[in-house]
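The structure appears right after this line, and notes come after that.
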Amino acid sequence: MSRKSPASSSQASVSSALQSLSQVPGAAGGQDISPARKRFDRLLRDLQKHRAQLHAWREAVDRWRARYLDEVVPLLDQHRALEIEQIHLLDNIAATVKLSKTDREFVSDEICDLAGPLIDDGHVALKPIYERHSEIGYDEEMSESDAMMKHVIGQMYGLDPEEVEAVDSPEELFERINARLDQAQADAESARAQSRQHRRRRPDKKTAAVPAEPPPLRELYRKLASNLHPDRASDAGDHATRTELMQRLNAAYKASDLLGLLELQAEIGLLDAQGVDAINPVRLQDYNRELDRQCKELKQQLTLHAIEFCDEYGLDLPTQPRPEQLDRLLTHCKRDVVDDVSELQQVLRQMRALGDAQSIKRWLKLQRTSFRFG
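To convert, note that position 116 of the sequence shown is 116 in full-length UniProt numbering; the numbers rise steadily by one, no gaps.
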């Protein structure tokens, strides 16, 4: 197998380096391709696809954040300012106009519905207005709400009441539960890995004399580190290239990124499709197990990216968004906020134009009928 000098700059893209490891149809010399080899090729394709999707997610979210900050946040600030003005106008109506019990309850409910989220967001100056119109104080209401949520969470995950009470907030309780779930998953993975290692090490009567091979990641790392070490450089340029490749190698090994190690091996000419064909079948199965684990991990990361993105921006979508949809999705979100601002501006114009008590009462009756203020 011909080797490329590590000092030479690779003109091949990431995907082409990995594609060079895949079996070319008809290149097996008439021999059947083994199931393990077919699975290796399929896993490489899937991993490249998932990695490209993950990269697309990061780029799409970066674009979204920049546009959201420039185009949507000013509109949201404007909408919050209008809501605050609406709260003060409603509070003034309650203080200056003799309202029926129905109208008074309606105004108070609207004030609390509007002010609650704003206080949560830091507009604490609204708290006295909220408490004038709420049956219980804001802090007391939040405390009761947190206690109820903690109780529900505790029941869902089978926690002891004492443990639930010891936690200050539902968010902290969720953090503890997630930490336990992560630890339990890590322990299970470790136990499975130890079990697999034990089975591999257990001597068989026919193969007792054959020494066990090191795990695939460690084996590849040692091989690549030996070839790429900067001490083997022939000149300053070669040393710089080797140093950069060693940094990639160390990062891939630290992340248990077998795909990255195979990619490096292909880039520097230490592995190609024929080299994969020559890999010991047992070792190829080890590669497949590790690549399958990495494939599942990347799929989980993609799902997590979508979930965290929707949670961060309060998006309730019927399906999981894809990176290529985010630009269009932001345009729709911006249009919705623009419509909300326009509608609220119209409501405030109506409220500012209200003169006497009778016009205010007629307006309140109209709002009760429509069940909304804007």
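Note that the Cβ used here is the ideal one computed from N, Cα and C, for glycine as well.
Assigned secondary structure, Y313 (DSSP; H/G/I helix, E/B strand, else coil): If DSSP states are grouped into helix, strand and coil, Y313 belongs with coil.
Helix, strand or coil at R322 [DSSP, three-state]: Three-state result, R322: coil.
Residue interval of the alpha helix (DSSP H) (run including H239): Note, H239: alpha helix (DSSP H), A236 to K254.
The alpha helix (DSSP H) enclosing A125, as first and last residue numbers: Careful: A125 lies outside any alpha helix (DSSP H) and carries neither H nor E.
6 Å Cβ shell around E83 - same chain, five flanking residues per side excluded: Hits under 6 Å: L114.
Per-residue burial, S370 [other beta carbons within 10 Å of its own, 16 or more giving buried]: By the 10 Å Cβ count, S370 comes out exposed.
R335 to E144 span [Cα, whole Å]: Each residue's CA atom was taken as its position, placing R335 and E144 some 37 Å apart.
Endpoints, the alpha helix (DSSP H) within which H229 is located: Careful: H229 lies outside any alpha helix (DSSP H) and carries neither H nor E.
Close-in-space but distant-in-sequence residues of the same chain around K205 (CB under 7 Å, 5 per side omitted): Per-residue confidence for K205 stands at a pLDDT of 49, beneath the threshold of 50, marking its modelled position as unreliable; no derived number is given.
Whole-angstrom C-beta distance between R45 and L284, which should lie under 8 Å: Going by Cβ atoms, the distance from L284 to R45 rounds to 16 Å, so no, they are not a contact pair.
Length of the line joining the Cα atoms of Q301 and H123: For Q301 and H123, the distance between alpha carbons rounds to 35 Å.
G260 burial status per 10 Å Cβ neighbour count (16 or more: buried): Per the 10 Å Cβ criterion, buried.
Euclidean distance between Cα positions of S20 and A266: Here the C-alpha atom of S20 lies approximately 7 Å from the C-alpha atom of A266.
Residue burial classification, V107 (beta-carbon count within 10 angstroms, cutoff 16): Buried, by the Cβ-count rule.
Counted within 10 angstroms of its Cβ, other Cβ atoms place H305 as buried (16 or more) or exposed: H305 comes out buried.
Under 9 Å between C-beta atoms of H50 and V337: No, the Cβ-Cβ distance between H50 and V337 is not below 9 Å.
Between the CA atoms of H55 and D347 - distance to the nearest angstrom: Before going further, note that residue 347 is Val rather than Asp in the sequence given. Distance between the alpha carbons of V347 and H55: 44 Å.
Rounded Cβ spacing between C112 and H88 (contact assumed at less than 8 Å): The pair is not a contact, with the Cβ atoms about 14 Å apart (cut-off 8 Å).
I307 CB to nearest heavy atom of the ligand PLP below 8 Å: In the structure on display, the ligand PLP does not appear, and there are no ligands present to speak of.
Beta carbon of V276 nearer than 9 Å to that of Q23: Contact check for V276 against Q23 passes: the beta carbons are separated by less than 9 Å.
Beta-carbon contacts of A233 that lie in its chain and below 6 Å, excluding the five residues immediately before and after: So the qualifying residues of the chain are H239 and R242.
G260, DSSP secondary structure in three states: DSSP places G260 in helix when its eight states are reduced to three.
A66 burial status per 10 Å Cβ neighbour count (16 or more: buried): Residue burial is scored here from C-beta neighbours: A66 has fewer than 16 other C-beta atoms within 10 angstroms and is therefore classed as exposed.
Contact under 9 Å by Cβ, E290 with L224: Result no, Cβ atoms of E290 and L224 do not sit closer than 9 Å.
Contact set for D272: own chain, Cβ-Cβ below 8 Å, skip 5 residues either direction: Answer for D272: M1, S20, L21 and A266, listed in chain order.
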